[in-house]
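Just so you know, the protein sequences line up as chains A and B, in that order. Per my numbering, residue 48 is the first one in the first sequence, and the count goes up by one each step. Per my numbering, residue 36 is the first one in the second sequence, and the count goes up by one each step. A quick write-up on the structure given underneath.
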Amino acid sequence: MDHEHDGHEHHEHGRGLPPHPTREDDDVALTYGEARYLALKSLLIEKGLVTADEIRRRLEINERGNPQQGARMVARAWVDPAFKARMLADAKEAAKELGLEVTEAKLVAMENTPACHNLIVCTLCSCYPRSLLGEPPAWYVSKAYRSRAVREPRKVLREFGLDIPETVEVRVHDSNADLRYIVLPMRPAGTEGLSEEELAALVTRDCLVGAAVPRSPNA
Amino acid sequence: MSLERGPYALGERVRILDLDKPGHVRTPMYVREKVGVIERYCGDFENPEERAYGRVGRERIRLYRVRLRQRDLWPDYEGPDKDTVEIEIYDHWLRPASGGD
């Protein structure tokens, strides 16, 4: 990668030391949202509606999820047509076969085909299958993505480097209520000799939202 | 009240209502008063408009997925006519679309 344009940043550390690896201390005043969250949390605990441990466990479940779990499901679907059929029928049940627990009410897999490309968004907030995939990327929760993905999805996809031909339908799924979604991308050409594990490595987080498509390692 | 209006059939044309209801509603503005077709029935869920205010364990209502054409949402949509949006809409936000819709 060419970093000439921001080279000045590197000259700042010209004392033979690498840049400091940790984040700066966050000892600043709480934002309005943080203060409100803490107030609400302590009220809920005080009133006995939830316990601190329940909140902590929920966060732990969200953080246990990661895109590799979704990638495993995709790779299995690519090599096992019967599993793929079960995944398309009920992705939450299919996840169990791989030992993956989805805690959201329902998980729906949307299959990319030569005729249809799927893109997931939650226009109202940031709904995402966190128990499977972990926290969504920052862009997914941005207001720009949430508003533009349903208004000009092709332009958004081009900004992600994905140019969908006009012959292919772009189908946007608004994850606005009780269902959660995962995109089942198409298996790239030239991957016939790959193992299931190698196939899973081609499936990135963005592929599972539909912002990207898996590429053959030889492409 | 909501159960009387369903269930809608797959492919049935429906109009998404604008109930002008405050609070934790899950029907975004951009689909209100728009016509689409039922893509699937998703099951019955407690109404989030009630749950958001702590009223849990009440009646379950039907949830559908509605498929809308981008061209019907945004007249100046940039892309082919075939492009679509699919969205989850609770029963009480839907009514059958009449011939004129």
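By construction, the Cβ of each residue, glycine as well, lies at the ideal position given by its N, Cα and C atoms. Given the structure is predicted, the values throughout are model-derived calculations rather than measurements.
| Asked | Found |
| --- | --- |
| Residues bridged to Glu121 of chain B (per DSSP) | A:His220, B:Arg102 |
| Proximal chain B residues relative to Glu216 of chain A, where beta-carbon distance stays under 8 angstroms | Pro115, Lys117, Asp118, Thr119 |
| DSSP-derived helix/strand/coil call for Glu71 of chain A | coil |
| Under the three-state DSSP convention, the category Asp49 of chain A falls into | Reliability of the predicted coordinates at Asp49 of chain A is poor, the pLDDT of 44 falling under 50, and no value is obtained from them. |
| As assigned by DSSP and simplified to three states, the class of Gly71 of chain B | strand |
| Pair within 7 angstroms by beta-carbon distance, Met134 of chain A and Val230 of chain A | no |
| Euclidean distance between Cα positions of Tyr79 of chain A and Leu87 of chain A | 12 angstroms |
| Counted within 10 angstroms of its Cβ, other Cβ atoms place Ala141 of chain A as buried (16 or more) or exposed | buried |
| Best match in A:Arg227, A:Leu246, A:Glu206 for proximity to Ala236 of chain A [C-alpha to C-alpha] | A:Leu246 |
| Arg205 of chain A to Pro183 of chain A span [Cα, whole Å] | 20 angstroms |
| Exposure label - Ser263 of chain A; buried when at least 16 CB within 10 Å | exposed |
| Extent of the continuous alpha helix (DSSP H) run through Val126 of chain A | 114 to 126 |
| Contact the segment 172 to 183 of chain A vs the segment 221 to 229 of chain A: 3+ CB pairs below 8 angstroms | yes |
| Rounded C-alpha distance that separates Pro63 of chain B from Glu101 of chain A | 31 angstroms |
| Met157 of chain A - partner residues in DSSP beta bridges | A:Val230 |
| Selected residue, minimal CA-CA separation from Gln115 of chain A, among A:Lys202, A:Val188, A:Gly181, A:Pro232 | A:Gly181 |
| Start and end residues, beta strand (DSSP E) containing Asn109 of chain A | Premise fails: Asn109 of chain A lies in the alpha helix (DSSP H), 99 to 111, not in any beta strand (DSSP E). |
| C-alpha distance - Lys153 of chain A paired with Ser222 of chain A, whole-angstrom precision | 11 angstroms |
| Cβ-Cβ distance between Val217 of chain A and Asp79 of chain B below 7 angstroms | no |
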